[in-house]
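Going by full-length UniProt numbering, the residue at position 137 of the sequence shown is 137; the numbering climbs one at a time, nothing skipped.
Read the structure below first, then the notes.
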Amino acid sequence: MFMRIGIAQLNSTVGDFKGNLNKILNTLRIARERKVDLVIFPELFLTGYFPKDLLKKPDFLNYSQKSLNNIFKNSKEISLIIGLPLKIGKNLLNAAYFIRDGKFFGFSAKTNLSSKEVNYFIPSQKRIVFNLDGKKIGIIIGEDLEGKYEVIRELKRKGAELIINLSARPFYVNKHNLLKDLLKKKAKENNIKIIYCNLVGGNDGEIFDGESMVVSENGEILMRAKRFEEDFIIYDESIIYAPLSEKEEDEREEIYQAIILGIKDYVKKNNFQKVILGISGGIDSSVVAVLATLALGKENVIGLIMPGPHSSKESIEDAYTLAKNLGIKVLEISINEIYQEYLNTLKPIFKDLPFDKTEENIQARIRGNILMALANKFNYLVLATGNKSEMVVGYTTLYGDMSGGLAPIADLTKTEVYKLAEYLNKKFNLIPERILTKKPSAELRPNQEDEKDLIPYSQLDEIIQYYLMENLPLRNIVRKGFSPKDVNKIVSLIYQNEFKRKQAPLKLILKKESFDFPIVNKFYPTPK
1 MFMRIGIAQL NSTVGDFKGN LNKILNTLRI ARERKVDLVI FPELFLTGYF
51 PKDLLKKPDF LNYSQKSLNN IFKNSKEISL IIGLPLKIGK NLLNAAYFIR
101 DGKFFGFSAK TNLSSKEVNY FIPSQKRIVF NLDGKKIGII IGEDLEGKYE
151 VIRELKRKGA ELIINLSARP FYVNKHNLLK DLLKKKAKEN NIKIIYCNLV
201 GGNDGEIFDG ESMVVSENGE ILMRAKRFEE DFIIYDESII YAPLSEKEED
251 EREEIYQAII LGIKDYVKKN NFQKVILGIS GGIDSSVVAV LATLALGKEN
301 VIGLIMPGPH SSKESIEDAY TLAKNLGIKV LEISINEIYQ EYLNTLKPIF
351 KDLPFDKTEE NIQARIRGNI LMALANKFNY LVLATGNKSE MVVGYTTLYG
401 DMSGGLAPIA DLTKTEVYKL AEYLNKKFNL IPERILTKKP SAELRPNQED
451 EKDLIPYSQL DEIIQYYLME NLPLRNIVRK GFSPKDVNKI VSLIYQNEFK
501 RKQAPLKLIL KKESFDFPIV NKFYPTPK
């Protein structure tokens with residue numbers, strides 16, 4: 001029998017049982033109209049991915065069960081596979097529920113649990129092949145595609161003719177190519193067709209890019225859903241498909257699309273309508289302002305210009321030009337009087353101590369307070385505009401420019417921010433040219449330049465890559481041409497500023513690699 005299989009690449013929200021259920025039922029209605037035999041939904045779609053400790057709450061699991069009962073009532077004359085948590089006795093499984101004509105047909109559960117799942121689920125040891133009208137189907141979930149236990153191979157041995165992979169695989173840079181190669185490899189080495197159904201959308205800092213696909217036994221991609229948006233594609237087994245041509249993805253394009261989706265969903269799913277951010281005339285705030293406007297529309301973005309005692313005329317002009325180009329509402333509040341009042345209040349205590357980073361940070365914290373005051377009063381979400389380079393070495397002010405509910409570019413180094421800015425300008429031409437060419441500065445003291453306080457960003461970002469992402473010893477980094485003094489300085493700053501990173505706003509995750517150090521730590525390596 002030839003089947004028509006619908007791949008429902010949809011956007012779920014954690015805990016939104018009503019919303020998720022409506023998407024399921026609406027998709028089933030469309031599938032019936034289009035004479036689909038089997039509909040596949042992503043991993044844990046019913047509850048949203050990933051529920052974390054909600055999985056420990058009985059009420060949460062009860063709501064999941066009620067939604068499942070509703071699906072039974074509304075799934076006559078069609079089959080579907082839906083991802084959900086399934087409790088059996090005291091054990092919880094990350095399961096795929098198979099429903100046929102409104103009745104329970106069976107379930108399969110995940111074996112190769114991800115690191116965040118092991119605290120909630122137990123791994124399944126069963127391998128079940130389902131016979132749907134003569135078609136023998138094996139179901140795998142998420143990392144069962146490539147994990148330690150060869151689930152596909154075992155299902156193939158048991159007679160499976162088709163593998164269906166329910167997934168919630170988050171985006172990271174270059175994942176597109178790695179995933180494509182993985183699916184082709186697994187299909188080819190097991191001589192079995194794989195249908196991969198991935199989640200799409202943003203939940204907290206994770207972004208799911210969709211790109212569900214059908215891969216033939218020969219490792220050829222036959223169908224592919226859109227990236228970064230919902231899609232419903234139908235694979236008809238009676239049709240002979242020509243393999244799709246390989247398409248190269250521009251890294252900057254996928255980063256841009258991922259951030260747009262991340263901002264849009266975080267704002268919408270947390271019931272905000274508008275965002276506010278400080279625009280300084282610098283590169284970081286300019287990029288975030290552009291991305292926010294593209295994600296939410298100009299009517300939902302407010303740019304706040306907050307000149308201080310060391311703000312340059314050019315930066316203020318650039319901030320206004322950017323806001324005009326974007327068409328967003330702009331406010332200006334000077335911090336000069338508030339800052340002077342701070343200094344007057346603290347003078348009896350500070351006495352004749354010289355100006356230092358204390359006074360610099362006061363300026364940043366005043367700006368953070370003003371942003372938060374407006375956000376509180378008008379129910380705006382504050383977007384933090386810091387980048388990864390600053391966060392790694394602590395070149396940022398706690399409770400100042402770190403204030404915010406979401407940090408869209410915090411996983412991009414300064415070098416990557418410039419590359420993204422140039423790409424956005426090629427597409428939209430919104431960022432004033434002077435912002436792209438002037439030397440970056442926090443403008444918290446006279447003649448301040450970031451790269452004089454640190455080292456050139458091009459070097460800083462390479463050291464970050466080598467030390468944090470590739471875990472090279474310091475001596476090996478020095479051998480690549482960096483001075484021992486610079487390497488030691490940057491690595492020391494990395495360890496000293498973990499306390500700031502622990503208090504940073506939620507970032508959109510764009511990279512596979514991450515790092516985490518203890519705050520209390522006496523280990524400081526040297527490049528000997």
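Every residue gets a Cβ at the ideal spot worked out from N, C-alpha and C, and that includes glycine.
- Contact check for I164 against I82 fails: the beta carbons are separated by 9 Å or more.
- Annotation for P484: no beta strand (DSSP E) segment contains it, though the alpha helix (DSSP H) segment containing it runs 484-496.
- Straight across, the Cα-Cα distance linking L155 with N218 is about 18 Å.
- For I259, the enclosing alpha helix (DSSP H) stretches over residues 251-269.
- Residue pairing from DSSP places F98 in a beta bridge opposite I81, G106.
- Note: F232 is bridge-paired with A8 in the DSSP secondary-structure output.
- Classified as exposed, P354 has fewer than 16 neighbouring CB atoms from the shown chains inside 10 Å of its CB.
- Counting only the Cα atoms, K388 lies some 11 Å from K511.
- Approximately 14 Å separates the beta-carbon atoms of G400 and R445; this is outside 8 Å, ruling out the contact.
- In terms of CA proximity to E230, L261 leads the group I240, L261, R252, L54.
- DSSP, read as helix, strand or coil, puts G278 in strand.
- Nearest C-alpha to V118 among T413, G106, N94: N94.
- In the three-state reduction of the DSSP assignment, F499 falls in the helix class, which pools H, G and I.
- For K329, DSSP records a beta bridge to I302.
- The three-state secondary structure of L25, taken from DSSP, is helix.
- Restricting attention to alpha helix (DSSP H) runs no shorter than 4 residues, the stretch 158-198 encloses them at 175-190, ordered along the chain.
- Partner residues in the beta bridge of D209, as assigned by DSSP, are V200.
- In this structure, R227 places its C-beta atom within 9 Å of the C-beta atom of D209.
- Taking C-beta separations shorter than 7 Å and ignoring five residues to either side along the sequence, the partners of L493 in its chain run V393, G394, following chain order.
- The beta carbons of I279 and A319 sit closer together than 9 Å.
- Restricting attention to Y172, Q363, D450, K247, the CA atom closest to the CA of I335 is found in Q363.
- Under the DSSP assignment, V392 falls in the alpha helix (DSSP H) whose first and last residues are 388-393.
- Contact annotation: T111 and G159 have beta-carbon atoms that are not nearer than 9 Å.
- F2: not part of any alpha helix (DSSP H); DSSP gives it neither H nor E.
- Straight-line measurement puts the Cα of T526 at about 7 Å from the Cα of L474.
- Scanning its chain for C-beta atoms nearer than 8 Å, with the 5 sequence neighbours on each side dropped, one finds around D144 the residues K110, T111, N112, V151, I152, N165, in chain order.
- Taking the Cα positions, V301 is about 8 Å away from L277.
- L383 places its beta carbon 9 Å or farther from that of I255.
- In terms of Cβ geometry, G142 and E206 do not form a close pair [threshold 9 Å].
- Taken through DSSP and simplified to helix, strand or coil, G142 comes out as helix.
- Residues S12, T13, F45, L46, T47, G48, S67 of the same chain have their beta carbon placed closer than 8 Å to that of N20, with the five preceding and five following residues left out of the count.
- For V129, no alpha helix (DSSP H) run applies; the uninterrupted beta strand (DSSP E) run containing it begins and ends at 129-132, by DSSP.
- The residue among I240, S403, I128, N325 with its C-alpha nearest the C-alpha of N429 is N325.
- For L406, there is no enclosing beta strand (DSSP E), as DSSP marks it with neither H nor E.
- Beyond the five residues adjoining it in sequence on each side, N497 comes within less than 7 Å, by CB distance, of V393, G394 in the same chain, given in chain order.
- Listed as beta-bridge partners of L38 by DSSP are I5, S79.
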